[in-house]
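Asks: So that we are looking at the same thing, I have put the structure below in structure tokens.
Protein chains: 4
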Amino acid sequence: MDYAHILQRIHRDIQPLLGQGRVADYIPELGKVPCTHFGMALVFADGLSHCVGDAAVPFSIQSISKLFACTLAFQLLGEDLWQRVGREPSGNAFNSLVQLEYEQGKPRNPFINAGALVVTDVLCSRFVQAETALVQFMRRLCGNPAIDYDARVAQSEREHADRNRAMAYFMKSFGRLEMPVDKVIDAYCRQCAIAMNCEDLARAALFLAHGGVVPWSGERVLDASPTKRLSALMLTCGTYDAAGDFVYRVGLPAKSGVGGGIVAVLPGRWSVCVWSPGLDHSGNSLAGVQALEWLTTLSAHSIF
Amino acid sequence: MDYAHILQRIHRDIQPLLGQGRVADYIPELGKVPCTHFGMALVFADGLSHCVGDAAVPFSIQSISKLFACTLAFQLLGEDLWQRVGREPSGNAFNSLVQLEYEQGKPRNPFINAGALVVTDVLCSRFVQAETALVQFMRRLCGNPAIDYDARVAQSEREHADRNRAMAYFMKSFGRLEMPVDKVIDAYCRQCAIAMNCEDLARAALFLAHGGVVPWSGERVLDASPTKRLSALMLTCGTYDAAGDFVYRVGLPAKSGVGGGIVAVLPGRWSVCVWSPGLDHSGNSLAGVQALEWLTTLSAHSIF
Amino acid sequence: MDYAHILQRIHRDIQPLLGQGRVADYIPELGKVPCTHFGMALVFADGLSHCVGDAAVPFSIQSISKLFACTLAFQLLGEDLWQRVGREPSGNAFNSLVQLEYEQGKPRNPFINAGALVVTDVLCSRFVQAETALVQFMRRLCGNPAIDYDARVAQSEREHADRNRAMAYFMKSFGRLEMPVDKVIDAYCRQCAIAMNCEDLARAALFLAHGGVVPWSGERVLDASPTKRLSALMLTCGTYDAAGDFVYRVGLPAKSGVGGGIVAVLPGRWSVCVWSPGLDHSGNSLAGVQALEWLTTLSAHSIF
Amino acid sequence: MDYAHILQRIHRDIQPLLGQGRVADYIPELGKVPCTHFGMALVFADGLSHCVGDAAVPFSIQSISKLFACTLAFQLLGEDLWQRVGREPSGNAFNSLVQLEYEQGKPRNPFINAGALVVTDVLCSRFVQAETALVQFMRRLCGNPAIDYDARVAQSEREHADRNRAMAYFMKSFGRLEMPVDKVIDAYCRQCAIAMNCEDLARAALFLAHGGVVPWSGERVLDASPTKRLSALMLTCGTYDAAGDFVYRVGLPAKSGVGGGIVAVLPGRWSVCVWSPGLDHSGNSLAGVQALEWLTTLSAHSIF
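As structure tokens, this is what we get:
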């Protein structure tokens, strides 16, 4: 079956799942999104793409931003980034503060909140406006100059960021942050509030499937080795506390967000983004994980 | 031996210990105090007092302020205070964040930092300026209108308060603080920076030995029962992670601070304050604990 | 009011509380005891005693045995005991394993299970049969040669001791136990199963109120200083996670057990034992704590 | 470059690393193995194999046994196995007991010690002698009837198994083990002590690269889906607290042991086993990880 047909079939078969799951409501703005949305976009290096459903509807990328912020920080610091943040799975969320204490304030990886705050600190120390730098980076990666963050979502994030502020001050007390906590939290809330659609996100992630180079522009984002490092991180840490299950069911490096989006790549082949706001108990898009599982099953293409 | 002679003998015998211990240096201002200071003041309900050494030299009361802030909050909320903060020992410092998480952000007692922040939150929600209210309360308790906080120490505290900010935001994320974290931290840093001498502090604590009434003014600070409650708290939680050892060696309800001061009371009899900046490994004044141990041994008066 | 009348009044007023609380049922044998029992015995150094209710009915002393096992270990090791076990409050039960890990397997005090296992290990390394040595010690302390452990309760304990075994092996892995775990657990289960009545227990604890000497026999159990140390431990660690509240409400050094017994002493005066099987949420006898609170209130005698 | 030459080159280039690392010495028997050993064997489905160095020297497989014990338990219980043990990464070792407590005694995955004990419990409940069943299973998988466990290593394991006993009793207290702890620990110690060489181990793991079927015998060990599940587990949890780094550097599903062995598979192609006793700070073979990294680099074959 070719990919166009696979996506059509997924779109058809996924319908019964769309009412299921639970839309994230820890910030009011996210809770307003209808859970019946479903979109999917798959992009090849030669520019060919397939889209179904709401692939053109923008949504809040949330934690998917951690992947691109980490990429940008990697560009700046190279391997020195790992002096600031680890690259190992973290176990469950419960332990975050215990682990931070035990490991002297160094987060386990850049995809948990504590680690993403360190990454944002890196960006804030290098750019006058970290969130603008990230937005411009995203625009360049996907070729869409209209990409921006949603000011209302960002504001809503800021109003519910006390847990993140606690972690930031805790790391600051260990000397792990260089910039003022307020600045870091502000930039972090804005980057979580970036709005993009499936097509843009799939395109933005394509360099990860293409050895670190954006195919259509030829821009080298990262060398081959750091690109592989990011894929390895996505595999082991990209889907909250369900990484083990996700690797088994889907078998692709991926990064998810509580807005219901998931970006995944098949190294050497394509990138994909799926979006559906209903989340499973791990915080990953319920329909999204299912769609990706069907994608690798029907195409018989995964890392295994 | 009468108390005047006891204090003289303590002052003489304590000399070899004065170079020992380690002056708190987590904020630079505290680190500047010479560790050879030693002062002690004992005050009776009838106004009689005995002083030796540097009993008239002001020092930073630090955590001793938690005792008086808690008294003031108790005046305001009565038993409802215990809805906001517990009254049990906390085990070691390491656990503070774990315990906060496990107990949904409710601190174990008002004498650990997390609990003192909740107490300060109570004061901030009732007074326009919590720190001014506390300073005025202290002035009234000891009868010295010149008592104030040291602005430089307060500023130094604020610059090194990231761990406290982390705890405050963490509790805020559980809905445990009513006021803005910045305001609470600011008031907390000021109250820690209150400067007093041994004589003033012993006098300020006298109501605890006198059923809740300030003897010379007749002002009722607390009823008898809450006064006993505070003494019980001082006994089980007043000296950091050395409460068990302190109860054994000294046998008095007490509250210590990293400035090197310790306030203690013998219910029904007298209050005492001792000060010497060198700290033992638990953060209590090394010479101060020894002096209090000698006081209860030589006078044969303790709670036992 | 004299003590005879105080105990009569307590016995009368406590009746409405006797159906309340929850009888411990983690081992089946304990769960069979009717929750309507109530007994109380108060003993003076001159041999005078007052008893009310079921003061002559034997019950399972459970954790109260920790007090006497610790006394015996103190006799053997003296201050060296504190190399093996700490003497500070432990915070809540939840942390026991975390704290054990953090503190390299050294328990915080001899009144939590981990600490009591270390104490039992000390006894096992010195006596051929630790539980027999303890039983004989108890007989001598209270003058009743019929004291023994209940074999059925001991068996029931052994069948539900997996958590204690886990802690014992954990400490063993840190090199904190000298004897085989099986032997330690067996002795521990037997000592918990010792059956005594209020009168015997009050008498057995009298040395704690009498400077370390058993008044009627003149036997010196401990010197004055270790006796004070034990009282200090009872004050800060004797009543599970309610030590702070107990000190406030009752104001006496005490040790409780989940069998519903509580032993307390007023240094220099008397010892008391109260028993009622219904427990409050902290695991202390609900009616027992109330009875002791009334005792110190009506007699106006407490450590404060 | 063909695989024969790749292995020769690895064998040549690895020499300077062989004195490095630290041989596991938590049990005396392991500590006796010279750290200069190095062996490597790569096996294809058609029977072709390449060996270099000490590929025929038997060593203690230690935690590699967890992979095969888990396979056997999977055969018995199917997907029900995941009711007993999770399948997600666990963060660092420090947290094992905290996580066990937080997750009511259910281990995070079958490759940490707690999880492996649950797997062994499954085997003990189904086989009269779990360790014999596992040995026979290993013999069948690799076709070598001489495979056995080393009785002296097993005895040494048993003498140093207190931490594992602690975990077992802890899980037992949550009702997570069906069989007596002694029996489970005994079987566990024996399975860790199985001695095999690189060639045998590579052959034994070949079914994982071949859709669950042993190529030369045609025996179906597992269906394709559970086979993929095991590979996913190896990827995210197979190399202690270095899974993230290992996925990046090597990019193969793998399972390591403190005896210095590492088994890895390239799904659809081959299996490999490398052995060198010197360990890095994560407990993985230092030279072994390097050899596997060179293998995937030189062959340009990994999951990415």
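Chains as they are written, first to last, in full-length UniProt numbering: chain A, 1 to 304; chain B, 1 to 304; chain C, 1 to 304; chain D, 1 to 304.
For glycine and all other residues, C-beta sits at the position ideal for the given N, C-alpha and C.
1) Could you tell me which of B:Pro277, B:His301 and B:Asp223 sits nearest to B:Gly288, measuring between CA atoms?
2) Once you ignore the five residues that flank C:Ser256 on each side, which residues in its own chain have a CB closer than 6 Å to its CB?
3) For B:Leu177, I'd like the list of residues in its chain whose CB is within less than 8 Å of its CB, leaving aside the five on either flank, ordered along the chain.
4) Do you know how far the Cα of A:Asp148 is from the Cα of A:Pro260?
5) Should B:Trp216 go down as buried or exposed, given a rule of 16 or more other Cβ atoms within 10 Å for buried?
6) Would you mind telling me which residues of chain D sit closer than 8 Å to A:Ala242, beta carbon to beta carbon, in chain order?
7) Within 10 angstroms of the Cβ of C:Gln99, are there 16 or more other Cβ atoms? Answer buried if so, exposed if not.
8) Could you check where the beta strand (DSSP E) with B:Ser299 kicks off and where it finishes?
9) Measuring CB to CB, does B:Cys273 end up less than 9 Å from B:Phe111?
10) Using beta carbons (cut-off 9 Å, strictly below), is C:Leu30 in contact with chain D?
11) A:Asp150 CB to nearest chain B CB: under 9 Å?
12) Determine the direct distance from the alpha carbon of D:Ser125 to that of D:Val135, and round the result to whole angstroms.
13) Just list the alpha helix (DSSP H) runs in the segment 78-157 of chain D, keeping only unbroken ones of 4 residues or longer that don't cross its boundaries, in chain order.
14) B:Gln51 to B:Asp2, Cα distance in whole Å?
15) Which value, in whole angstroms, describes the spacing of the CA atoms of B:Phe137 and B:Val33?
16) Following the continuous alpha helix (DSSP H) through A:Ala41, name the residue where it begins and the one where it ends.
17) Answer with yes or no whether the minimum CB distance from A:Pro267 to chain D is below 9 Å.
18) Indicate whether C:Glu219 and C:Arg140 have their beta-carbon atoms separated by less than 9 Å.
19) Once the 5 residues before and after C:Ser49 are set aside, which same chain residues still bring their CB inside 8 Å of it?
20) In chain order, what residues of the same chain have a beta carbon less than 8 Å from the beta carbon of A:Leu67, not counting five sequence neighbours either side?
21) Quick one: which chain A residues come within Cβ less than 7 Å of B:Lys106?
22) Where does D:Ala213 sit, in a helix, a strand or coil, going by DSSP?
23) Let me make sure I understand the geometry here. Which of A:Asp25, A:Leu77 and A:Gln191 has the alpha-carbon closest to that of A:Ile61?
24) Going along chain D, which residues have a C-beta under 7 Å from A:Cys189?
25) DSSP state of A:Phe59, grouped into three classes?
26) Looking at chain B, is there any beta carbon in it that lies within less than 9 Å of the beta carbon of A:Ser173?
27) If you draw a straight line from the C-alpha of A:Gly86 to the C-alpha of D:Asp245, how long is it?
28) Mind checking whether A:Val181 and B:Asp162 have CB atoms under 9 Å apart?
29) Can you say whether A:Gly212 is buried or exposed, counting buried as having 16 or more other CB atoms within 10 angstroms of its CB?
30) Hey, is C:Val85's beta-carbon within less than 9 Å of any beta-carbon in chain B?
31) When the Cα atoms are used, what is the spatial distance from B:Val57 to B:Trp275?
32) Run through chain C and tell me which residues come within less than 7 Å of D:Glu159, C-beta to C-beta.
33) How far does the alpha helix (DSSP H) with B:Gly261 in it reach, from first residue to last?
34) Runs of 3 residues minimum, wholly inside the segment 182-250 of chain B: which ones carry the beta strand (DSSP E) assignment?
35) Give me the Cβ distance between C:Ala55 and C:His210, rounded to the nearest whole Å; I'm assuming they're in contact under 8 Å.
Replies: If we stick to the structure as given:
1) In the second sequence, residue 288 of chain B corresponds to position 288, counting from 1. For the residues B:Pro277, B:His301 and B:Asp223, the minimum Cα distance to B:Gly288 belongs to B:Pro277.
2) Mapped onto the third sequence, residue 256 of chain C falls at position 256. Cβ neighbours of C:Ser256 beyond the five flanking positions: Thr239, Ile262 and Asn284.
3) As a first step, residue 177 of chain B is located in the second sequence; it is residue number 177 there, counting from the start. Only Leu117, Val118, Asp121, Ala168, Met171 and Val184 meet the Cβ criterion.
4) Numbered from its first residue, the first sequence carries residue 260 of chain A at position 260. Numbered from its first residue, the first sequence carries residue 148 of chain A at position 148. First, the amino acid is wrong: residue 260 of chain A is Gly here, not Pro. Computed Cα separation, rounded: 18 Å.
5) Locating residue 216 of chain B in the second sequence gives position 216, where the first residue counts as 1. By the 10 Å Cβ count, B:Trp216 comes out exposed.
6) Here residue 242 of chain A refers to the residue found at position 242 when the first sequence is read from its first residue. What A:Ala242 touches in chain D: Glu88.
7) Within the third sequence, numbered from 1, the residue matching residue 99 of chain C stands at position 99. Its Cβ being crowded by 16 or more others within 10 Å, C:Gln99 is buried.
8) One-based indexing of the second sequence puts residue 299 of chain B at position 299. Per DSSP, B:Ser299 belongs to no beta strand (DSSP E); it is in the alpha helix (DSSP H), Leu286 to Ser299.
9) Mapped onto the second sequence, residue 273 of chain B falls at position 273. Mapped onto the second sequence, residue 111 of chain B falls at position 111. Contact: no.
10) Counted from its first residue, the third sequence places residue 30 of chain C at position 30. False, the Cβ-Cβ gap to chain D never drops below 9 Å.
11) Here residue 150 of chain A refers to the residue found at position 150 of the first sequence. Not one chain B Cβ lies under 9 Å of A:Asp150.
12) As a working mapping, residue 135 of chain D is identified with position 135 in the fourth sequence. As a working mapping, residue 125 of chain D is identified with position 125 in the fourth sequence. Whole-angstrom Cα-Cα distance: 16 Å.
13) 81-84, 96-102, 113-126 and 130-142
14) Sequence index remark: in the second sequence, residue 51 of chain B carries index 51 (1-based). Sequence index remark: in the second sequence, residue 2 of chain B carries index 2 (1-based). Note that residue 51 of chain B is Cys in the sequence shown, not Gln. Approximately 13 Å, taken between the alpha carbons.
15) Mapped onto the second sequence, residue 137 of chain B falls at position 137. Mapped onto the second sequence, residue 33 of chain B falls at position 33. Each residue's alpha carbon lies about 26 Å from the other.
16) One-based indexing of the first sequence puts residue 41 of chain A at position 41. Here A:Ala41 belongs to no alpha helix (DSSP H); instead the beta strand (DSSP E) covers Gly39 to Phe44.
17) Working through the first sequence from its first residue, we reach residue 267 of chain A at position 267. True, the Cβ-Cβ gap to chain D drops below 9 Å.
18) Position 219 of the third sequence, counted from the first residue, corresponds to residue 219 of chain C. Position 140 of the third sequence, counted from the first residue, corresponds to residue 140 of chain C. Yes, Cβ-Cβ distance for C:Glu219 and C:Arg140 is below 9 Å.
19) For this step, residue 49 of chain C is matched to residue 49 along the third sequence. Taken in chain order, the residues that qualify are Ala41, Leu42, Val43, Glu199, Ala202 and Arg203.
20) Counting from one through the first sequence, the residue named residue 67 of chain A turns up at place 67. Excluding sequence neighbours, A:Leu67 sits near Phe111, Ala205, Leu230, Met234, Gly238, Lys255 and Val263.
21) The residue you call residue 106 of chain B lines up with position 106 of the second sequence. Within 7 Å Cβ-Cβ: nothing; B:Lys106 doesn't reach chain A, min ~15 Å.
22) In the fourth sequence, counting from the first residue as 1, residue 213 of chain D sits at position 213. One point to set straight first is that residue 213 of chain D is Val, not Ala, in the sequence displayed. Looking at D:Val213 - three-state DSSP - the assignment turns out to be strand.
23) As a first step, residue 61 of chain A is located in the first sequence; it is residue number 61 there, counting from the start. The residue with the shortest Cα to Cα distance from A:Ile61 is A:Gln191.
24) Position 189 of the first sequence holds residue 189 of chain A. Chain D residues near A:Cys189: none, gap ~26 Å exceeds 7 Å.
25) Along the first sequence, one-based indexing puts residue 59 of chain A at 59. Strand.
26) As a working note, residue 173 of chain A is residue 173 in the first sequence. Answer yes: the Cβ-Cβ gap between A:Ser173 and chain B drops below 9 Å somewhere.
27) Residue 86 of chain A sits at position 86 when you count from the first residue of the first sequence. Residue 245 of chain D sits at position 245 when you count from the first residue of the fourth sequence. Between A:Gly86 and D:Asp245, the C-alpha separation is close to 10 Å.
28) The residue you call residue 181 of chain A lines up with position 181 of the first sequence. The residue you call residue 162 of chain B lines up with position 162 of the second sequence. Contact flag set, yes.
29) Walking along the first sequence from the start, residue 212 of chain A turns up at place 212. Classification of A:Gly212: buried, given that the 10 Å Cβ count is 16 or more.
30) Your numbering for residue 85 of chain C matches position 85 in the third sequence. No, no contact with chain B.
31) To locate residue 57 of chain B, count along the second sequence from 1; it is residue 57. To locate residue 275 of chain B, count along the second sequence from 1; it is residue 275. Roughly 9 Å between the two C-alpha positions.
32) Indexing the fourth sequence from 1 puts residue 159 of chain D at position 159. The contacting residues do not exist; D:Glu159 stays about 12 Å from chain C at best.
33) Stepping through the second sequence from its first residue, residue 261 of chain B is reached at position 261. Not the alpha helix (DSSP H): B:Gly261 falls in the beta strand (DSSP E), residues Gly261 to Leu266.
34) 194-196
35) Against the third sequence, residue 55 of chain C aligns to sequence position 55. Against the third sequence, residue 210 of chain C aligns to sequence position 210. Between C:His210 and C:Ala55 the Cβ distance is about 20 Å, and since that is not below 8 Å, they are no contact.
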